[in-house]
Every structure is written in structure tokens, then in C-alpha cells.
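Shown next, in C-alpha cells, is the structure this report addresses.
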Amino acid sequence: MRNQENDKFTVSQDDEKEEVERKILTLQRIVPGGESLGIDKLFEETVGYILTLQCQIKAMRLLESFLEEMEKEKRKFGG
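The sequence shown begins at 317 in my numbering and counts up one residue at a time.
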């Protein structure tokens, strides 16, 4: 009985390890240049990449608001 519990624990650990490895491989494909990075550097680059994407989203939202206002002004003056 004890041996079965150890086997289940080992399988569970193996499953978790495979899941972590799968997620790391996915992250390496998503982050530009990630495939050539070690795990520590990959995580650092991931943080920078996320911050860059957040800034791009903010800039696009500001541009969208600006263009919407321009369109409203254009319609207001009969354009």
C-alpha cells in the first residue's frame, strides 16, 4: 500500500514537471527571442514584454479616443 502511494506521488510530480516544462516552452515561443533564453532571463524578458504590451494598449486606446473626438468634431461642423 505504501508503495502505491509513493508511485502516485511520483506520477503527480512528473505530471507537474511536464506541465511546467510545457508552459515554459509556450512562453519561450511567445516572448520575442525567448527560445534562446534560460529560464531566469526568460522570466525577466517576459516582465518587460508584458509592460511593453500594456503601454501599447494604452497608446492605442488614447489614439482611439482622439480619433473618435476628431470624428465628432468633423460631424459637428458638417463634415
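For each residue, glycine too, the CB sits at the ideal point set by N, CA and C.
Quick caveat, the model's predicted, so the values are computed rather than measured.
| Query | Result |
| --- | --- |
| Contact check, Ile355 vs Ile340, beta carbons under 9 angstroms | yes |
| Integer Cβ distance of Glu361 from Gly350, believed to fall under 8 angstroms | 6 angstroms |
| 8 angstroms contact criterion, which Gln344 and Leu358 should meet: CB distance rounded | 6 angstroms |
| Through-space distance from Glu385 to Val347, alpha-carbon basis | 35 angstroms |
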